[in-house]
Amino acid sequence: MDGDVHGPAAARDPEPATRESTWLQRLEEVAGLIFVLAGLGLVIIHYLGGSERLPNAELGALAFGAPYSTLGLLAMLGGRSGRPALMATSSMPLMFMCMVSWVTILLVPIAVFLFVRGAIGLGAGRQRHLGWEELCLSSVLPAALVLAFGCLLFHQDPVSWRSGEHSFASTSDHVTVFESALSLGAVVLSVAVSVFWIVLERDRKRSSNQV
Numbered sequence: 149m150d151g152d153v154h155g156p157a158a159a160r161d162p163e164p165a166t167r168e169s170t171w172l173q174r175l176e177e178v179a180g181l182i183f184v185l186a187g188l189g190l191v192i193i194h195y196l197g198g199s200e201r202l203p204n205a206e207l208g209a210l211a212f213g214a215p216y217s218t219l220g221l222l223a224m225l226g227g228r229s230g231r232p233a234l235m236a237t238s239s240m241p242l243m244f245m246c247m248v249s250w251v252t253i254l255l256v257p258i259a260v261f262l263f264v265r266g267a268i269g270l271g272a273g274r275q276r277h278l279g280w281e282e283l284c285l286s287s288v289l290p291a292a293l294v295l296a297f298g299c300l301l302f303h304q305d306p307v308s309w310r311s312g313e314h315s316f317a318s319t320s321d322h323v324t325v326f327e328s329a330l331s332l333g334a335v336v337l338s339v340a341v342s343v344f345w346i347v348l349e350r351d352r353k354r355s356s357n358q359v
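Per our numbering, the sequence shown starts with residue 149, numbered consecutively.
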């Protein structure tokens, strides 16, 4: 009698968990997509708010917003391909990068959500891919984007140095062509490696299973 009561209930137990997992995965994808779109929005904002006299205003604006979009893309790919480590390492720098202005600070909770989801996935053993290649993928790509973005924030332009009575400011908001190229180079490298390693790997496994 008891078996008749508890048997169907036990069979239905996995269904809510599956629906919750699917819902959270969709939320992860939406969160990553938000950063992809936010990076594009920052490109427009940075370009419209920049100096019209700068010859590389378009390049500088693109270099400023592209790291946000790329880190969001990496976090989204990490969630979809069973790589919570990549999601965690990509969203962690986003938490700090979102604090650079009042426009991006509203995105901090979304970055925290992605980081927490990645950390939970690691703790729950959801990392499907192991090895030194995965360690490099989860660490080198986000680190390259962070270093490139840091060059845009902490660069120095000797032309704009100005001395004051009590201070000496040696930084400026004039992004040079070299700094822009460095940032965009890191973005292109990260996107190319992630697409080749994650997307093409999935296609290769799918074709091998069909054979």
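C-beta: ideal position from N, C-alpha, C; glycine also.
Counting of Cβ neighbours within 10 angstroms places A272 among the exposed residues, the total staying below 16. Shown here, L278 sits in coil according to DSSP, grouped into three states, outside any helix or strand. Taking a 10 Å sphere around the C-beta of S169, we find fewer than 16 other C-beta atoms and assign the residue as exposed. For A272, the three-state secondary structure derived from DSSP is coil. With the rule of 3 Cβ pairs closer than 8 Å, the segment 208-226 counts as touching the segment 323-335. Judged by DSSP secondary structure, V341 falls within the alpha helix (DSSP H) whose first and last residues are V325 to S342. A340 and I193 have their C-alpha atoms spaced approximately 26 Å apart. For the set A259, G333 and F302, the Cα lying nearest the Cα of V178 is the one of A259. Short of 7 Å from the beta carbon of C246, and not among the five residues preceding or following it, lie these beta carbons of its own chain, in chain order: T252, I253, L255, V256 and A259. L225 and G197 have their C-alpha atoms roughly 31 Å apart.
DSSP places L210 inside the alpha helix (DSSP H), whose first and last residues are A205 to R228.
Per DSSP, reduced to three states, the secondary structure at T237 is helical. With contacts defined by Cβ atoms closer than 7 Å, F297 and P215 form a contacting pair. By the neighbour-count definition (other C-beta atoms within 10 Å, threshold 16), V191 is a buried residue. Excluding sequence positions up to five before and after C299, its CB lies within less than 8 Å of the CB of E327, L330 and S331, all in the same chain and listed in chain order.
In terms of Cβ geometry, G227 and M235 form a close pair [threshold 7 Å].
Scanning P232, V248, L188 and Y195 for the CA closest to the CA of E176 turns up P232. Within a 10 Å sphere around the beta-carbon of G279 sit fewer than 16 other beta-carbons, which makes this residue exposed.
L219 is a Cβ neighbour of L242, given a cutoff of 7 Å.
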